[in-house]
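Heads up, the numbering used here is the position in the sequence shown plus 2, with the first residue counted as 1.
What follows is a short report on a single structure.
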Amino acid sequence: MSSGTRTTAPRRVVVTGGAGFVGSRLCAALLAADAEVVCVDNMLTGLPGNLGALRGHPGLHVERSDIADGLTSPSARAALRPGVDLVMHLASPASPVDYLDHPIETLDAGSLGTRAALDLARAHGARFVLASTSEVYGDPQVHPQTEDYWGNVSSVGPRSVYDESKRFGEALTAGHRRALGTDTGIVRIFNTYGPGMREHDGRVVPTFVRQALAGEPLTVAGDGSQTRSLCFVDDLVAGLLTFAGSGHPGPMNLGNPDELSVRRIADDVIRATGSPSRVEYVERPVHDPGMRCPDITLARSVLGWEPRVAWPDGLSRTVSWFRSRARGAG
Ligand code: NAD
Ligand code: UDP
């Protein structure tokens, strides 16, 4: 197990969940860095169109399957034969709407899926990176959240299918490292937004942008005073790649500490779109965390990483992307 920064870029990478919002941007960044990529996705919440611009790229192999089933098809075996340097495990529903719609699949992705992805990495002597989440902190009582905080999570509430799945995935990853010496790393990703999100995936930014562009009311949950800290997707992808190359075991927070209330996010979306929409207050989801903000001291010091894209700029790029999609150009 290494702990220093690696000198060679990964040549062959398996990205699970590679047709999703973050995964597809990650695949694009890896291909741009001349890596070969095996994208594994069962399209549960992904969009084949996310990989559209990459289709036909000689470095990309897309395997449409559930990672929990292992990669045993003849085409997958052929794609893996030259070896694997890095496995990045992103496969999991991530939006609350999605994981509440797919509770069992979510638990399977974090447990069976993580196990299969870890075993794949070990079989190839590859590094493994788990895309964990700020949701492991639940409704936090420590603010901002540092990696040594154990969290405040219900094991039986509706969100537990995601939170506990990720917490189990972290435990499995840590256990693999301790028991088997697998080169593992855990990143805890905070709310990320940007081009490539499904307009109906239910998360706050795509929902508000879709509503504003349609002139519909923006559905603010509760009184909108709860907070989130929003990271632009390209910043996150840069952090993921730097972390993968660092050999660091984590857990490490990756996110943008610029903390905003949900009401402020709604106001900013209305302003950025020039929409006539107004805000409509709706019922707050059960166990909706009251606040969330990453402490990124560790990422700054170990990786030299921090977000570069400020919210107004990231929001404007996101709005442009949604507008171009609406015009059929996306
Ligand atoms: P997403 O839903 O857009 O992408 C997830 C992808 O995983 C989808 O393409 C889906 O089809 C695929 N998938 C799900 N189960 C699978 C399985 N069993 N086998 C193969 N593929 C499967 O979500 P996202 O926002 O891109 O999130 C990616 C990862 O990052 C997730 O693991 C998520 O938990 C983590 N994360 C994301 C955020 C965020 O704000 N985007 C925050 C914290 C953590
Ligand atoms: N939210 C909202 N209206 C929506 C969607 C989300 O007010 O239409 C709120 C949600 O209740 C939460 C915050 O926005 O307080 C972030 O929700 P999201 O689903 O994006 O991610 P979470 O951080 O909860 O996983």
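Glycine included, every Cβ here is placed at the ideal spot set by N, Cα and C.
query                                                                                                                                    : result
Taking only the alpha-carbon atoms, compute the straight-line gap between residue 68 and residue 33 and give it to the nearest angstrom. : 22 Å
Do residue 147 and residue 296 have their CB atoms nearer than 8 Å?                                                                      : yes
For the alpha helix (DSSP H) that contains residue 125, what are its first and last residues?                                            : 116-126
Less than 7 Å between the CB of residue 94 and some heavy atom of the ligand NAD, yes or no?                                             : yes
Could you tell me the distance, in whole angstroms, from the CA atom of residue 258 to the CA atom of residue 135?                       : 13 Å
Within 10 Å of its beta-carbon, does residue 213 have 16 or more other beta-carbons around it, so buried, or fewer, so exposed?          : buried
Just to confirm the assignment: which complete beta strand (DSSP E) runs, minimum length 3, are found wholly within the region 248-317?  : 254-256, 261-263 and 281-284
Roughly how many angstroms lie between the CA atoms of residue 206 and residue 267, to the nearest whole one?                            : 8 Å
Taking 7 Å as the cut-off, is the beta-carbon of residue 128 closer than that to any non-hydrogen atom of the ligand NAD?                : no
Kindly identify the DSSP beta-bridge partner or partners of residue 154.                                                                 : 140
Cα-Cα, which of 312, 247 and 221 is closest to residue 262?                                                                              : 312
Exposed or buried, residue 254, counting other C-beta atoms within 10 Å across all chains shown (16 or more means buried)?               : buried
Taking 8 Å as the cut-off, decide whether the C-beta atoms of residue 203 and residue 99 are in contact.                                 : yes
Can you check whether the CB of residue 35 is closer than 8 Å to the CB of residue 56?                                                   : no
Does the beta-carbon distance from residue 191 to residue 256 come in below 8 Å?                                                         : yes
Is the distance from the Cβ of residue 292 to the Cβ of residue 87 below 8 Å?                                                            : no
Taking DSSP's pairing of strands, which residues face residue 234 in a bridge?                                                           : 195
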